[in-house]
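Going down the list, the sequences are from chains Y and B.
According to our numbering, the residues represented by the first sequence are 1 to 167, in order.
According to our numbering, the residues represented by the second sequence are 1 to 105, in order.
Glycine included, C-beta positions come from ideal geometry on N, C-alpha and C.
Beneath this line is the structure, given in structure tokens, with notes to follow.
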Amino acid sequence: MSPLLFWIFVAIMLFFAGMVVLNRNPVASALSLVVSFLALASLYVSLDAYFIGVIQILVYAGAVMVLFLFIIMLLDLKAEITRRINFPAMCGGFAVILLFSKVLFDVCYGVYGGNAKFPQISQGPQGDVWQLGMIIFERYNLPLQVVGTLILVASIGVVILSKRELK
Amino acid sequence: MVSLNDYLIASGLLFAIGFAGVLLRRNVIIIFMALELMLNAANLSLIGFSRYNVQNGLPDYNGQVLVFFVIAVAAAEVTVGLAIIVALFRARQTTHVEDINTLKF
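Shown next, in the form of structure tokens:
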């Protein structure tokens, strides 16, 4: 992927992630999160993880965000009122952000000598989904069953939680 | 060319934004969305390292399997979390964390 395209997608992802935090209206926050996840899926595709990119769009930008929007509209949440700005706390926050970014850049541009090029890959004859499917169903079969059971337990738990009277 | 370090920076910044959201916002649902952002930041660095560790001309698929399981568990977590938020709203008629502090000493 060309560097220009990469930075454009990173900018979209980070901008809309920031809008999730800064928007006062919960519905606008949820829609910003969808855009952020779509940009993230394109970054997955740029890393040759096609299946994970598709799953990201289907599960996160599709199912999970529909659930979020549904709950926000069900509860009929109003936009938050702006709080009074606490000046010393804000200065402290900016100091923490500056120090954290310094540490982040030092660490991330320190690993592998700061310029870790991605090696070339030869996409196998069967492609991405085939490889991932083989490894999930052969080497990680038991974890897959456990995750399936977990989802079953979660859905039963949701039914019990939504009952009118908890006993 | 784009290097692994650039992906790690993007992932770290996304995590930082999510963390700021958890600290700043007072609405439980927005806090929950910021948690999802942090989860996805971790996924991005996992995929980056998976692409970096090439074995036999193929990316390290173990990392992608881990991301697959993280997404599956996160979907289950979202359903349970939102059900808890709805139950909370029914009991208290609010989703603001400042109004829900009876556990606080």
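- Across the set B:73, B:14 and B:5, the C-alpha of B:73 shows the shortest separation from the C-alpha of residue 151 of chain Y.
- For residue 51 of chain B, the enclosing alpha helix (DSSP H) covers residues 28-52.
- Between residue 113 of chain Y and residue 67 of chain B, the alpha-carbon positions lie close to 26 Å from each other.
- Short of 7 Å from the beta carbon of residue 28 of chain B, and not among the five residues preceding or following it, lie these beta carbons of its own chain, in chain order: 85, 95 and 97.
- Residues of chain B with a Cβ closer than 8 Å to the Cβ of residue 98 of chain Y do not exist, since the nearest Cβ in that chain sits about 12 Å away.
- One thing to note: residue 64 of chain Y has its Cβ within 7 Å of the Cβ of residue 78 of chain B.
- Listed along the chain, the chain B residues whose CB falls inside 8 Å of the CB of residue 48 of chain Y are 51 and 59.
- Two segments are said to touch when three or more pairs of C-beta atoms, one from each, lie closer than 8 Å; by this definition the segment 124-140 of chain Y does not touch the segment 68-84 of chain Y.
- Look at residue 21 of chain B: its C-beta is under 7 Å from a C-beta on chain Y.
- For the set B:17, B:93, B:80 and B:70, the Cα lying nearest the Cα of residue 38 of chain B is the one of B:17.
- Ranked by Cα distance from residue 51 of chain Y, the first of B:103, B:71 and B:101 is B:71.
- The contact set of residue 16 of chain B on chain Y, defined by CB atoms closer than 9 Å, consists of 97, 100, 101 and 104 in chain order.
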